[in-house]
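Protein chains in written order, with the working numbering: chain A, 1128 to 1712; chain B, 44 to 330.
Report on the following structure.
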Amino acid sequence: MAEDLNWAVGGEAGDGIDSTGKIFAQALARAGRHVFTSKDFASRIRGGYTAYKIRTSVEEVQSVVDRLDILVALTQRTIDENLDELHDGSAIIYDGERSWEAEIPDEMTAVDVPLKSLAEDAGGAIMRNIVALGAACEITDFDVEYLDEALEKRFGGKGSQIVENNKEAARLGQEYVAENYDLDHLGYSVETTDNDYVLLNGNEAIGMGAIAAGCRFYAGYPITPATSIMEYLTGRIEDYGGHVVQAEDELSAINMALGGARAGARAMTATSGAGIDLMTETFGLVATSETPLVIADVQRSGPSTGMPTKQEQGDLNMALYGGHGEVPRFVITPTSITECFWKTVEAFNLAEKYQTPVFLVSDLAMSVTEQTFPPEAFDMDDVEIDRGKLVDDDEEVDEWLDAQGHFRAHAVTDDGVSPRAIPGTADGAHMSTGLEHDELGRRTEDQDERVQQVDKRYRKVETAQEQEDWDYREFGDEDADNLIISWGSNEGALVEALEYLEEDGIDVRVISVPYIFPRPDLSEEIEAADDVIVVECNATGQFADLIEHDVLTRVKRINKYTGVRFKADELAEQITEQLSAEVPA
Amino acid sequence: MSSDVRFTDFKSDKQPTWCPGCGDFGTMNGMMKALAETGNDPDNTFVVAGIGCSGKIGTYMHSYALHGVHGRALPVGTGVKMARPDIEVMVAGGDGDGYSIGAGHFVHAVRRNVDMSYVVMDNRIYGLTKGQASPTSRSDFETSTTPEGPKQPPVNPLALALASGASFIAQSFASDALRHQEIIQEAIEHDGFGFVNVFSPCVTFNDVDTYDYFRDNLVDLQDEGHDPNDYEAAKEVILDSDKEYQGVMYQDENSVPYHEKHGVTEDMSEIPDGAPDDAMDLVREFY
């Protein structure tokens, strides 16, 4: 297993925890190291415990683990909250001059640094976190110049004086530890490489994927943890001729996006569970009017307001079944941050090719996690755009006119996909409606027409099932008797859990599914396995239910619904436990 | 856009199922004539409607159109216009659609000042659900759900628009064909959100706000020498609950529509065949 270092900064919300962590993560990425971050935050603006954790290695890291080596503690709670993860060799940086008296277990190394006064020496108390980063560099034998680069990126826009002050603050922290402590025995050292990595989270990847895919119109309403998609697009999408609207509510947001899509733009909205509930009203209209629309659901803990800042994968059933009546939709679940990018691109293509709503279901863990990748992981040359049956010249339009010259926007076709004319297309004028309609889009209650339209809409799914790859990702030993099935963000932790299991001599095959509907047929894989375990972050096992329904056999389940994502070591332990457990009756 | 467009080009061959004598016939004719008169044709026009009798309008007109869900027509129209500033967008709805379920959207559409027109067929009753009180029903108007009247004041949609910062507020009467058409035309030509509340009598369920009632009580602001650019005068007329007015109550001469204010001028339907040429810059931002 890769030699990794686990670092965290914690304090109260409002203490600048997030930016402190981000700066250190960027410094590590600049040093050619892989980084995986996680955040623990409360649903309030100031106060409440907040932490930013970094796992870093020269090799790829895709998960958090139950170990913390270096902790920058701005409050006693930071130490208390992390006691389980701290160990004998952990170093805790804190400010002994501050009013709280740090209670640190004897076996750990307490590194008392006057963060505030050193920051004041450098030009302002606000930089105390940067002093702490300098101290952390010294403890981990990490070249502080990498930190300089991150500081330049962070504060460059605020002027050279601010940058210099921050660099000075880091130096003072570093020097203070060097002069007052001898910590070589801890054995921490941070190796660097020449690799250039980019560092981004899942929501940024979705936003970037949207722009790459030609999304030009986004309407949304702020909600944790989806908002950062809107924040990413605002200020960037304009460079490509697009626009973001902050709507008055989610009902408006999805209807605006629907309007943009009907006008011919690639359009999108994103929200989280509670917002999806509101959007569900319009969901059926999107589907029956056959409008291409991408709807991202960045899941958080539910039901109701639940735990807005915590992880869960509880909206699967809603994405699959939400809305009255029966309407086809695609449900895609990216399994990693790079997949957040690529599946977003795919979502736009599927939406236009099949003229359906596409649910892009991500989750909080992925949305706030930052991870390093080689930039080629997002190679824009590989982005393909397929706009489907968009008809825009006279000849094409003529083909779809009825005897009276009306455009058949909902024409019944063999593959279920009708031609699509957007405003401005001569002779393409037509209406669409949420009412059941005929080929022209006009209301009908005729029994034959009703059945034809319902069948036509479902035929799109059949066509897509045949024409697209509804594949899965696979890890571990293909021939292993033990099969683990997962969807969404659990993939990284599972991949790393394999290493722990391997150490214990347990061979496992992991299947990570990025498509829920349509989804790959796993019956052969399940039949070939002795033990099948479905891993997901919800209480009832919504995906496990689907699998059981598909293959008519019982599976074992690992469900986590504490609000915290799976950790690799924890998952390995639970898998081992489940393997010796009985299959449920 | 062709110059020889007739208003009948905006007519579909579907026969309306509105009750004979319904005000919506006149309202729709005025809309079609106004669209043709202002140089639009069905291929560059998008009509959005909500639910209810008014919502059927998209079926009876011929243009690009969407018949949406109850109360959400304005957000749809907003999305269409943002994606396509080159397209003429008209939103149609009823008093329930616009001032009850869609009241929130109304306020925000008004303050966004998106360059589209919004025509509300106000019959002061819920017609398609067979005669319940609407947000504009009089407080003593007896209906199946309010046997003693709603006992609450009606919404004043004009005042709601004014308070929300509207740049164009007008009212018309479906039966006064010429004036109605003129007023809708002004709403279309206005640079921004052109709001017109249309008295569109329901002959089946509303025996109070009838054609006769409006004929007898309607005051035309044009005859009164009202200056729509005078905000104070507009306020007075709009808040005067003793009279029924038609005409343009208020128009902001300096109205700057949303797309100009926000620089939303591109046709968003046109996108490159692959990622934009400089898309790798988006990745490099994360270095």
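The beta-carbon is built from N, C-alpha and C at its ideal position, and this holds for glycine as well.
What three-state label does DSSP hand M1395/A in the structure shown? strand
Any idea if Y1273/A is buried or exposed, counting beta-carbon neighbours within 10 angstroms, 16 or more meaning buried? buried
How should A1708/A be labelled, buried or exposed, when 16 other C-beta atoms within 10 angstroms of its C-beta is the threshold for buried? exposed
Proximity winner among T1147/A, A1140/A, H1537/A and T1183/A, relative to Q1498/A (alpha-carbon distances): T1183/A
Closer than 8 Å to chain A by CB, S106/B: yes
Inspect the beta-carbon positions of A1414/A and R1363/A and report whether they are closer than 8 Å. no
Less than 8 Å between the C-beta atoms of G1347/A and A1397/A, yes or no? yes
With three or more beta-carbon pairs closer than 8 Å as the criterion, would you say the stretch 1258-1270 of chain A touches the stretch 1291-1308 of chain A? yes
Would you mind telling me which residues of chain A sit closer than 8 Å to H151/B, beta carbon to beta carbon, in chain order? A1374, E1375 and S1379
Leaving out five residues before and five after V123/B in sequence, what residues of the same chain have Cβ atoms less than 6 Å from its Cβ? F89 and V132
Please classify V162/B: is it buried, with 16 or more other beta-carbons within 10 angstroms of its beta-carbon, or exposed? buried
Quick one: which residues of the stretch 1333-1344 of chain A get their C-beta closer than 7 Å to a C-beta of chain B? List them in chain order. M1335, I1338, A1339, G1341, R1343 and F1344
Bounding residues of the alpha helix (DSSP H) (the contiguous stretch that carries N1307/A): S1287 to N1307
Nearest-angstrom Cα separation, counted from Q1701/A out to E1626/A: 14 Å
R1393/A CB to nearest chain B CB: under 8 Å? yes
Flag I1633/A as yes when its Cβ comes closer than 7 Å to any non-hydrogen atom of the ligand ZN, and as no otherwise. Of ligands this structure carries none, so the ligand ZN is not represented either.
A1394/A and A126/B look like a contact to me (Cβ under 8 Å); what is the Cβ gap, rounded to whole Å? 7 Å
Counting contacts by CB-CB distance shorter than 8 Å, is P161/B in contact with chain A? The question names Pro, but residue 161/B is Tyr in the sequence shown. Cβ-Cβ to chain A under 8 Å: no for Y161/B.
Kindly identify the DSSP beta-bridge partner or partners of S1081/A. Any answer about residue 1081/A is impossible in this case: the structure gives chain A only from 1128 up to 1712.
Quick one: is M323/B near chain A, going by C-beta distance under 8 Å? yes
Exposed unless 16 or more other CB atoms sit within 10 angstroms - verdict on I1172/A: exposed
Could you check whether the Cβ of P315/B sits closer than 8 Å to any Cβ belonging to chain A? yes
In this structure, does DSSP put E1601/A in helix, strand or coil? strand
Where are the alpha helix (DSSP H) runs, 4 residues long or more, that stay fully inside the stretch 1622-1657 of chain A, in chain order? 1650-1655
Any contact between the stretch 1463-1471 of chain A and the stretch 1329-1345 of chain A? By contact I mean 3 or more CB pairs, one from each, below 8 Å. yes
Would you say N156/B lies against chain A (beta-carbon separation less than 8 Å)? no
Within the same chain, show all residues whose beta-carbon is closer than 8 Å to that of F1151/A, passing over the 5 residues directly before and after it, in chain order. W1134, V1136, I1181, L1260, A1263, L1274 and A1277
So if DSSP puts T1499/A in a beta bridge, which residue, or which two residues, is it bridged to? L1326/A
Between F216/B and chain A, is the shortest Cβ-Cβ distance under 8 Å, so that the two count as touching? no
Take N1322/A and list the residues in its own chain whose beta-carbon comes closer than 6 Å to its own, dropping the five residues that flank it on each side. G1159
Start and end residues, beta strand (DSSP E) containing K1683/A: K1683 to N1686
Using only alpha-carbon positions, find the residue among Y1642/A, A1478/A and G1336/A that is nearest to L1673/A. Y1642/A
Would you identify the three-state DSSP class for Y1348/A, choosing helix, strand or coil? coil
Using the Cβ count rule (16 or more neighbours within 10 Å means buried), how would you classify H1312/A? exposed
Going straight from the alpha carbon of D1606/A to that of E1630/A, what length do you get? 18 Å
Is the distance from the Cβ of G1250/A to the Cβ of E1295/A below 8 Å? yes
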